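First residue of the sequence shown: 1, per full-length UniProt numbering; consecutive thereafter.
Every residue gets a Cβ at the ideal spot worked out from N, C-alpha and C, and that includes glycine.
The structure displayed is predicted, hence computed values, not measured ones.
Down below is the structure, laid out as structure tokens.
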Amino acid sequence: MSQERQHKTGFETRAIHAGYDPDPTTGAVIPPIYATSTYKQDGVGGLRGGYEYSRSANPTRTALEGALAALEEGERGFAFASGLAAEDTLVRALCRPGDHVVIPDDAYGGTFRLFDKVEQAWGLAHSPAPVDDVDAVRAAIRPGQTKLVWLETPTNPLLNIGDIEALAGVAHDAGALLVVDNTFASPYLQQPLTLGVDVVVHSTTKYVGGHSDVVGGALVVRDLEVADKVGFHQNAMGAVPGPFDSFLTHRGIKTLGVRMDRHCDNAEKVVDFLTSHPAVGTVIYPGLESHPGHEVAQRQMKRFGGMISFRCTGGEDAALKVCERAEVFTLGESLGGVESLIEHPGRMTHASVAGTDLEVPADLVRLSVGIETADDLIADLANALG
Ligand SMILES: *Cc1c(COP(=O)(O)O)cnc(C)c1O
């Protein structure tokens, strides 16, 4: 399908067709895994199709990058070896030592660690601010010094919601760019670039890949000048995915829409169950009217996603027991795969923020609701909660 035609198609059509046309020589419907590091040149400097070395570009990765750009309705997509590699590359592309960024005060633990331990040592300052408080984000900006406002929405693991359009205005008024980590929502549920955001970040390890079989990251940008800087740094820093990882991630993308709908259906049923259970305190899900970000989420998201957090009335011990007793829900880090996962953020994904302002409650349990039979998920939780 021509690029022009693709832009007019719906999300699921783009997910399946964008980035690749059947191979002209063989007719292969799916992009081959181009396991090659280099390419024969037709005379010195005479490149076929622009490929010279696979750090710079590889056809399997090109197909994935085209699909990523189309899903987020961006100008260009870039694939990386992990979400954190994407983040680091973006920071080096757009910031310099002495600059400052505003980050969520409940950022993904690895993102916080990257800014706190790695970028800070390079000379980049950061300030945490709550994403659901526009005035607090504005107040955290240092005029002239802040280059990026970094947003996650929903956040991990507390599922706070940031108002993307409002925060884009706040960042742009201060001459900064707004970056949205769209990992939790996925491009099926939320397309930040269409709401004024400059760069979208993904850990494609999660919903985009969707099968817990590959680690990867992505950046999608809407401005060609930013694209040039990111493209230069992608090649210069070299944190790129190999062709097999690119293939797996691209394969996952094709079913993103149907998977996300099932994740949402199941999450809604699990939320219904949890809200009436006596061993469960607060249930945190943006789809609940009681969630403080519900209205904003309704405005900027198609549905509310597959992530749920809840607090146990029995405290930390009870939370640990639920995690250990669950069987259909696998005890494990990560999220966004077809299988349901359960974890204790305080001791697992967010252990690195213990003792800081970003510490999460000890009685908190996080669920990544998969696409299994909903009744089995509910029965498993009923059993684990005792
Ligand atoms: C997992 C995750 C990351 C980091 O991605 P990796 O692929 O693990 O490097 C960043 N942001 C969010 C929201 C995540 O869940």
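May I ask whether a heavy atom of ligand 1 can be found less than 8 Å away from the beta carbon of residue i?
i: K206; result: yes
i: S82; result: yes
i: E152; result: yes
i: F78; result: no
i: E87; result: yes
i: G238; result: no
i: N266; result: no
i: T249; result: no
i: L364; result: no
i: S334; result: yes
i: N383; result: no
i: N160; result: no
i: N235; result: no
i: F304; result: no
i: T183; result: yes
i: G110; result: yes
i: G217; result: yes
i: V201; result: yes
i: N58; result: no
Our contact map puts residue i next to residue j with C-beta atoms below 8 Å; I'd like the distance itself, whole angstroms only.
i: V179; j: L151; result: 7 Å
i: residue 387; j: G293; result: The chain is shown only over 1 to 386; residue 387 falls outside these bounds and no answer can be derived.
i: V271; j: L288; result: 7 Å
i: A279; j: L385; result: 5 Å
i: L358; j: F184; result: The pair is not a contact, with the Cβ atoms about 16 Å apart (cut-off 8 Å).
i: S309; j: L158; result: 6 Å
i: A129; j: D105; result: 6 Å
i: A166; j: V201; result: Contact doesn't hold; Cβ gap of about 19 Å is too wide.
Keeping to the same chain, check which residues put their C-beta closer than 8 Å to that of residue i; ignore five residues upstream and five downstream.
i: H126; result: H100, V101, V102, I103, F115, D116, E119 and Q120
i: A362; result: G315, E316, A319 and G346
i: D80; result: The identity of residue 80 in the sequence shown is Phe, whereas the question assumes Asp. Answer for F80: A86, T89, G216, G217, A218, L219, Q234, A239, V240 and P241, listed in chain order.
i: G169; result: G196
i: P24; result: none
If I measure Cβ to Cβ from residue i and keep anything under 7 Å in the same chain, skipping five residues before and after, which residues do I get?
i: D380; result: A326, E327, V328 and F329
i: E333; result: E343, M348 and T349
i: W122; result: P97
i: L364; result: P157, S309, R311, A319, P345 and G346
Helix or strand or just coil, what does DSSP make of residue i?
i: H100; result: strand
i: V270; result: helix
i: P243; result: helix
i: G109; result: helix
i: G315; result: helix
i: P59; result: helix
i: A125; result: strand
i: I342; result: strand
i: T183; result: coil
i: M260; result: helix
i: E119; result: helix
i: F78; result: strand
i: R48; result: coil
i: E72; result: coil
Starting from the C-beta of residue i, find all residues in its chain whose C-beta is less than 6 Å away, skip the five residues before and the five after it, and write them out in chain order.
i: V215; result: S82 and T205
i: I33; result: T60, P243, F244 and F247
i: V149; result: V102, A171, A176 and L178
i: S54; result: S37
i: T282; result: R311
i: Y285; result: V271 and I308
i: C95; result: L124 and K147
i: S203; result: G83, T183 and G217
i: S212; result: G337
i: Y207; result: S186 and G336
i: T352; result: It is Ser, not Thr, that sits at residue 352 in the sequence shown. Result list for S352: G109 and R113, in chain order.
i: G19; result: A63, G66 and A67
i: F273; result: I378
i: A93; result: K229, V230 and H233
- Can we say the stretch 189 to 207 touches the stretch 32 to 41, given the rule of at least three CB pairs closer than 8 Å? no
- Counting pairs of Cβ atoms below 8 Å between the stretch 238 to 256 and the stretch 80 to 94, do you hit three or more? yes
- Message: Check whether the stretch 248 to 268 and the stretch 362 to 377 are in contact - that is, three or more C-beta pairs closer than 8 Å.
- Response: yes
- Touching or not, the stretch 213 to 228 and the stretch 72 to 80, by the rule of three or more beta carbon pairs under 8 Å? yes
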